[in-house]
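Step one of this worksheet: look at the structure below.
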Amino acid sequence: MIRNSGWIFALVLLLGWAAVGCSGKREVTGQVFVVTKGGENVKLGLVGIHVVDERRLAEIAGRLLGESQKSKAGEALLLQLESEVKTMSATVPEAFAAPLRRIAEDAFRRRQGVTGFSGDTLSRRFLAELPAAVAQTDADGLFTVEASSSAWLAARGERRAGSNTETYLWLMPLKTDAKKLLVSNDRLLEDDDDLARVLASVGDGSSTGGADPELISWVDAQRTAARQALVEAKAAEERALAEAKAAASKARLVSGGPFEAGESLSLGVAVHWIPAGRFTMGSPTSEEGRFSDESQHEVVLSRGVFLAETECTQGQWEAVMGSNPSNFKGRDRPVEQVSWEEAVEFCRKLTAKQRQEGVLPEGWEWRLPTEAEWEYAARAGTTGARHGELDAIAWHGGNSGSETHGVKGKQANAWGLYDMVGNVWEWCGDWYGDYPTGSVTDPTGPGSGSFRVLRGGSWRNDARFARSASRIRGDPGSRGSLLGFRPALSSVR
Ligand SMILES: [Ca+2]
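Numbered per the numbering used here, the sequence shown spans residues -11 to 481.
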């Protein structure tokens, strides 16, 4: 019953009951007729016969319908259901039909603004969920299956016309007591005369049964294709969502703010707003594990900046740089084995790419954060050694199992930033040097130097490095599986 309406063929199944077998099962013999309008070059892939338990069927239907209420692709499915409901026949169990009707009515009310869906998506979804086919039709369209009286038959087929293919799925119950059951497009048929009328109404009355072995194997291949289609549909949905977010984020950037502390945007890379402000940089002499290069001084940041929610992931890196140098592979793990120079190059390329794509508005660029921005963001208003309890917020030498971990595995800080301490060290823009003694505004570090600043500790370092104030230095050309970074998105000064 789930198929495109308006097709100019009729699929007709005749089911005759043979002997009632043991254990409540009986043998059912059926035949599939395909009727096409004369002259049209249409081939129908005959036909996998599945047997599915009624409860299982209702469960599949319920779940697909439930999912479809939560997603944009699902909304498109609902529009298809709207037309299906109009032709719903007595073959649909009430447990399936009632929610279908309700959802379809709802979909009808919301149809504005939903475009671009494949008419056979729902059929493909069903097919991907069904148990394996238990029978195929033979050359005359005949098949025999054994099933209990509460089972349903699901016949699946593919229609090919030129390069176009469509999937259909036909569901019918086996619990009827009728001696012979005839099912046509939209309804149970009364008798043989009724069948004859259907045949007559769809063309010249000739029928062509028969299985094409090439098509049967082709239909089986569609099962794999249907699963693949699900994966692709999900990916397409995520892309559409990301694009919508990026468009909204771009509009926010063009507006120029004001932005709220922690406000989230995403232009492919999720970022949070780090507001302008004033804080004490460095650590008090009383802080456990501190180093002597953390002397406290006041810093004023006159302008806010967006900072990436996570360390730059391998997925983000690969999308821009086309390769993945990391030692611990994983799309959602932080990229490592990247030098300071390469991290800067990533920011430059990301800026150029997003400007070219129209994602990033003029006046904004990706860059490494300054050391002061990094610490201010890591603290997110806190003044202690770190923004939370060590094991709750950080992968460090004591809990990492000697490897990096996927980003966002620990608690974020108050501005929505993950793994600021731990996982990988993060390159900052500044040359490493001694801190100033007095108050400074928008510091960018020494004018020259030999080493760049790294912040936050890593999966291999012990707790004293996993602090907001801890800092080490690294040769700008050095790489290691401890070293990563997170980009900042800044208005061009
Ligand atoms: Ca980190």
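The beta-carbon is built from N, C-alpha and C at its ideal position, and this holds for glycine as well.
Can you say whether ASP422 is buried or exposed, counting buried as having 16 or more other CB atoms within 10 angstroms of its CB?
Taking the sequence shown and counting its residues from 1, one reaches residue 422 at position 434. Taking every protein chain shown into account, the CB of ASP422 has fewer than 16 other CB atoms within 10 angstroms, so this residue is exposed.
Span separating the alpha-carbon of GLU350 from that of TYR364:
As a working note, residue 350 is residue 362 in the sequence shown. As a working note, residue 364 is residue 376 in the sequence shown. For GLU350 and TYR364, the distance between alpha carbons rounds to 26 Å.
Would you kindly check if the distance between the Cβ of SER469 and the Cβ of GLU324 is under 8 Å?
The residue you call residue 324 lines up with position 336 of the sequence shown. The residue you call residue 469 lines up with position 481 of the sequence shown. Taking 8 Å as the cut-off, the beta carbon of GLU324 is found closer than this to the beta carbon of SER469.
Length of the line joining the Cα atoms of LEU477 and ARG343:
Start at 1 with the first residue of the sequence shown, and residue 477 comes out as number 489. Start at 1 with the first residue of the sequence shown, and residue 343 comes out as number 355. C-alpha separation (whole angstroms): 13 Å.
Helix or strand or just coil, what does DSSP make of VAL428?
Translated into the one-based positions of the sequence shown, residue 428 becomes position 440. Correct three-state label for VAL428: strand.
Excluding sequence positions up to five away, which residues of its chain have a Cβ less than 6 Å from the Cβ of TRP305?
For this step, residue 305 is matched to residue 317 along the sequence shown. Closer than 6 Å at the Cβ level, and outside the excluded window around TRP305, lie VAL323.
Taking the alpha helix (DSSP H) that TRP362 belongs to, which residues open and close that run?
Here the question's residue 362 lines up with position 374 in the sequence shown. Residues 359 to 367.
Using beta-carbon positions only, say whether VAL441 and GLU359 come within less than 8 Å of one another.
By 1-based counting over the sequence shown, the position of residue 441 is 453. By 1-based counting over the sequence shown, the position of residue 359 is 371. In this structure, GLU359 lies closer than 8 Å to VAL441 by Cβ.
Looking only at its own chain, which residues have a Cβ that is under 6 Å from the Cβ of ARG319, when we skip the five neighbours before and after it?
For the purposes of this step, residue 319 is taken as the residue at position 331 of the sequence shown. Closer than 6 Å at the Cβ level, and outside the excluded window around ARG319, lie GLN302, GLY303.
Delimiting residues of the beta strand (DSSP E) encompassing LEU378:
The count along the sequence shown starts at 1 and reaches residue 378 at position 390. Unbroken run through LEU378 is the alpha helix (DSSP H), 378 to 381; no beta strand (DSSP E).
Could you have a look at GLU225 and say whether DSSP puts it in helix, strand or coil?
Along the sequence shown, one-based indexing puts residue 225 at 237. Residue state, collapsed to three classes: helix.
Unbroken beta strand (DSSP E) runs of length 3 or more, entirely within the stretch 309 to 358: which are they?
352 to 355
If you draw a straight line from the C-alpha of ALA482 to the C-alpha of ASP407, how long is it?
Any question about residue 482 goes unanswered here, given that the chain covers just -11 to 481.
May I ask you to check if the CB of VAL257 is nearer than 7 Å to at least one heavy atom of ligand 1?
For this step, residue 257 is matched to residue 269 along the sequence shown. Not so, every heavy atom of ligand 1 lies at least 7 Å from the Cβ.
8 Å Cβ cutoff met for GLY404 and GLU297
Mapped onto the sequence shown, residue 404 falls at position 416. Mapped onto the sequence shown, residue 297 falls at position 309. Yes. Within cutoff.
By alpha-carbon positions, which one of ASN315, ARG355, THR273 ends up nearest to VAL259?
One-based indexing of the sequence shown puts residue 259 at position 271. The option with the nearest alpha carbon to VAL259 is ARG355.
Quick one, are the C-beta atoms of GLU329 and GLY465 less than 8 Å apart?
To locate residue 329, count along the sequence shown from 1; it is residue 341. To locate residue 465, count along the sequence shown from 1; it is residue 477. Contact flag set, yes.
Sequence-distant residues of its chain with Cβ nearer than 6 Å to CYS335 (five each side left out)
Counting from one through the sequence shown, the residue named residue 335 turns up at place 347. Within the same chain, CYS335 has close Cβ partners TRP354, ARG355, PRO475.
Would you check if the distance between the CB atom of HIS285 and the CB atom of THR425 is smaller than 8 Å?
For the purposes of this step, residue 285 is taken as residue 297 along the sequence shown, with counting starting at 1. For the purposes of this step, residue 425 is taken as residue 437 along the sequence shown, with counting starting at 1. Yes; because the gap between Cβ atoms is below 8 Å, this pair is in contact.
Go through its chain and collect everything with a Cβ distance to LEU241's Cβ below 6 Å, but skip five positions before and after it.
The sequence position of residue 241 within the sequence shown is 253, counting from 1. So the list reads PRO349, TRP352, once near-sequence residues are dropped.
Straight-line gap, SER274 to GLY385 (C-alpha atoms, nearest Å):
On the sequence shown, residue 274 is found 286 positions in, with the first residue counted as 1. On the sequence shown, residue 385 is found 397 positions in, with the first residue counted as 1. For SER274 and GLY385, the distance between alpha carbons rounds to 23 Å.
When every heavy atom of ligand 1 is checked, does at least one fall within less than 7 Å of the C-beta of ASN411?
Reading the sequence shown from its first residue, position 423 is the one you call residue 411. Under cutoff, so the answer is yes.
Buried or exposed: which applies to ALA78, given that a residue is buried once 16 or more other Cβ atoms fall within 10 Å of its Cβ?
As a working mapping, residue 78 is identified with position 90 in the sequence shown. At ALA78, the pLDDT of 37 sits below 50, so the modelled position is not reliable; the number obtained from the coordinates is stated separately. When all chains shown are included, ALA78 counts as exposed.
Strand pairing of THR301, partner residues [DSSP]:
Locating residue 301 in the sequence shown gives position 313, counting from the first residue. Looking at the DSSP assignment, THR301 forms a beta bridge with PRO322.
Roughly how many whole angstroms lie between the Cα atoms of PRO431 and GLY277?
To locate residue 431, count along the sequence shown from 1; it is residue 443. To locate residue 277, count along the sequence shown from 1; it is residue 289. Cα to Cα, PRO431 sits roughly 25 Å from GLY277.
In whole angstroms, what separates the C-alpha of ARG175 from that of HIS38?
Position 187 of the sequence shown, counting from 1, holds the residue named residue 175. Position 50 of the sequence shown, counting from 1, holds the residue named residue 38. Here ARG175 scores only 40 on pLDDT, less than 50, and its place in the model should not be relied on; the value that follows carries that caveat. Whole-angstrom Cα-Cα distance: 20 Å.
Please indicate yes or no: does the CB of GLY245 lie closer than 7 Å to some heavy atom of ligand 1?
Along the sequence shown, read from residue 1 onward, the residue named residue 245 stands at position 257. Checking the Cβ of GLY245 against ligand 1 gives no.
Taking 7 Å as the cut-off, is the CB of ASP320 close to at least one heavy atom of ligand 1?
Counted from its first residue, the sequence shown places residue 320 at position 332. No, the Cβ of ASP320 stays beyond 7 Å of every heavy atom of ligand 1.
Classification of VAL237 by the beta-carbon crowding that lies within 10 angstroms, buried from 16 upward:
As a first step, residue 237 must be located in the sequence shown, where it is residue number 249. The question names Val, but residue 237 is Ser in the sequence shown. SER237 is buried by the Cβ-count criterion.
Please list the terminal residues of the continuous beta strand (DSSP E) segment that includes GLY410.
Position 422 of the sequence shown, counted from the first residue, corresponds to residue 410. Looking at the DSSP string, GLY410 is not in any beta strand (DSSP E), and its letter there is neither H nor E.
Looking at GLY444 and ligand 1, is the gap between the Cβ and the nearest heavy atom below 7 Å?
Here residue 444 corresponds to residue number 456 of the sequence shown, with the count starting at 1. Answer for GLY444: yes, Cβ within range of ligand 1.
Is SER446 near GLY410, with beta carbons less than 8 Å apart?
Along the sequence shown, read from residue 1 onward, the residue named residue 446 stands at position 458. Along the sequence shown, read from residue 1 onward, the residue named residue 410 stands at position 422. The answer is yes: Cβ separation under 8 Å.
Compute every distance between the C-beta of GLU414 and the non-hydrogen atoms of ligand 1, then say whether any falls below 7 Å.
Position 426 of the sequence shown, counted from the start, is the residue given in the question as residue 414. Yes - ligand 1 has a heavy atom lying nearer than 7 Å to the Cβ of GLU414.
Under a Cβ-count criterion, where at least 16 other Cβ atoms within 10 Å of its own Cβ denotes burial, should PRO246 be classed as buried or exposed?
Translated into positions along the sequence shown, residue 246 becomes position 258. It is exposed - the Cβ of PRO246 has fewer than 16 other Cβ atoms within 10 Å.
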